[in-house]
Every structure is written in C-alpha cells, then in structure tokens.
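Heads up, the sequence shown is in the numbering used here, so the first residue is 36 and it goes up one at a time.
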Amino acid sequence: AGHLAIGFKKISPGGHWMNIASIASKKAKLGFNQSILMHTMVSAALMDAFISCWDEKYRSHRVRPETFINKYISLKWQPLLQTPPFPEYPSGHSVISTAAAEVLTYFLGDSFAYIDDSELMFEIPSRSFVSFRHAAEEAAISRLYGGIHFRDAILHGQTEGKNVGIFIVNKLRSAGIKPFRN
C-alpha cells in the first residue's frame, strides 16, 4: 500500500521518473552521452506532459471525488490519499508517468525490468517492475485507488501521456536517434 503514494508528499512525480531514468541508466550500463541524452529526453517529455496536463486541468476545472462524494453521498467520506488543492481532470500522475514510460521504453525496450528504490529514504520499500509501462500503469491507477481521481481522468490522462511520449519519440526518430537496446 505504501507504493500507492508513488511520488505524493515524498519525491515529486517528475523527480521520481528522473530517478527511474537514473536507475535504468545504471542498470543498462549506459555511457555518459547516452545517459545524458536519455535523461534529457525524459525531462522534455515530463515538461511537455506537465504543460499539457495543467492546461487541461484549468480548462476542464473538474471537482475531485472527495468534493462530489461529500456533497451528494456522505459528508464523512475521505480518500486514502490527501486531496490535492487543484482540479481533478486529467490525472497528472497518469499523464507524466505514461509520457516518461514511452520515452524510456523507446530507449531501453518494453521488457526492461528494474527495481525502483527511489523512496527508500522515506521508508517506502523498493518495488520491482517488469517494464516502464508497468510502473506507469501502477502510478496511474493508484490515484483511483487513493480516491483522488475518477476513472476517466486516469484513462484520458494515460492517453494524453502516451501522445506526449509518442511526440517526443517521433522527434528522436526524425533526428536519427536510435534506441539503445539491441
């Protein structure tokens, strides 16, 4: 259950994915130039994903589950995660995690297993993932399980993040930058 809080009130979501890029870079034994390139492109994907996400959040301006449930169903209901003080739609974790996962998958492949120990310093145990997309899917759905997003915010956020990630990957391809995997 501790990993359901991936990035929340610990390392920022973007910082968490940059650390995952570092973990992957070390595991793949990338050279300096490859590591810098991968980190830069993950960072670009995160930046574009955050811009896209927050633009939509304030265009849609949807209320959170806690607000809706407290008004129409039960005044006593509280989510497992603390409700953030900004609009619900789309899920930021879904957008940025999916975007970062697309870029990392481009460089290192769809079956790049790794152990995420990013938050050991906060006493959150390490987790094993079979792929970057697996981690992104878990980060996304955690927001539903935590009670701070509706399902469509997760699903649409994942689509938005995939589109951002594909945009970055297409820029890499058009620049002739090839994946690092064999």
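A virtual CB, placed ideally from N, CA and C, is assigned to each residue, including glycine.
Coil, strand or helix - residue i by DSSP
| i | result |
| --- | --- |
| Phe215 | coil |
| Ser129 | helix |
| Asp151 | strand |
| Arg99 | coil |
| Ser146 | coil |
| Phe109 | Checking the displayed sequence, the identity of residue 109 turns out to be Ser instead of Phe. Looking at Ser109 - three-state DSSP - the assignment turns out to be coil, as it is neither helix nor strand. |
| Ile183 | coil |
| Ile86 | helix |
| Lys45 | coil |
| Leu65 | coil |
| Ile104 | helix |
Contact belief for residue i with residue j at Cβ below 8 Å, rounded distance in angstroms
| i | j | result |
| --- | --- | --- |
| Phe215 | Gln69 | 6 Å |
| Ser166 | Ser146 | 6 Å |
| Ser48 | Gly144 | Residue 48 is actually Pro in this sequence, not Ser. Not really, about 23 Å apart at Cβ, beyond 8 Å. |
| Ser132 | Trp52 | 7 Å |
| Asp151 | Ala171 | Between Ala171 and Asp151 the Cβ distance is about 12 Å, and since that is not below 8 Å, they are no contact. |
| Arg178 | Ser129 | 7 Å |
Bounding residues of the alpha helix (DSSP H) (the contiguous stretch that carries residue i)
| i | result |
| --- | --- |
| Ser57 | 48 to 62 |
| Gly177 | Correcting the residue identity first, residue 177 is Ser in this sequence and not Gly. 167 to 180 is the span of the alpha helix (DSSP H), which, as asked, contains Ser177. |
| Ser209 | 186 to 209 |
Boundaries (first-last residue) of the beta strand (DSSP E) holding residue i
| i | result |
| --- | --- |
| Phe121 | Taken as a continuous stretch (DSSP letters only), Phe121 belongs to no beta strand (DSSP E), as it is neither H nor E. |
| Ser163 | 162 to 164 |
Sufficient close CB pairs (3 or more, under 8 Å) joining the stretch 103 to 112 to the stretch 139 to 155
They do not touch, by the three-pair rule.
Would you check if the stretch 67 to 81 and the stretch 95 to 108 touch, i.e. whether three or more CB-CB distances between them fall below 8 Å?
Contact between the stretch 95 to 108 and the stretch 67 to 81 is absent: fewer than 3 CB-CB pairs across the two stretches fall below 8 Å.
Given 8 Å, three or more beta-carbon pairs between the stretch 191 to 199 and the stretch 83 to 101:
They touch, by the three-pair rule.
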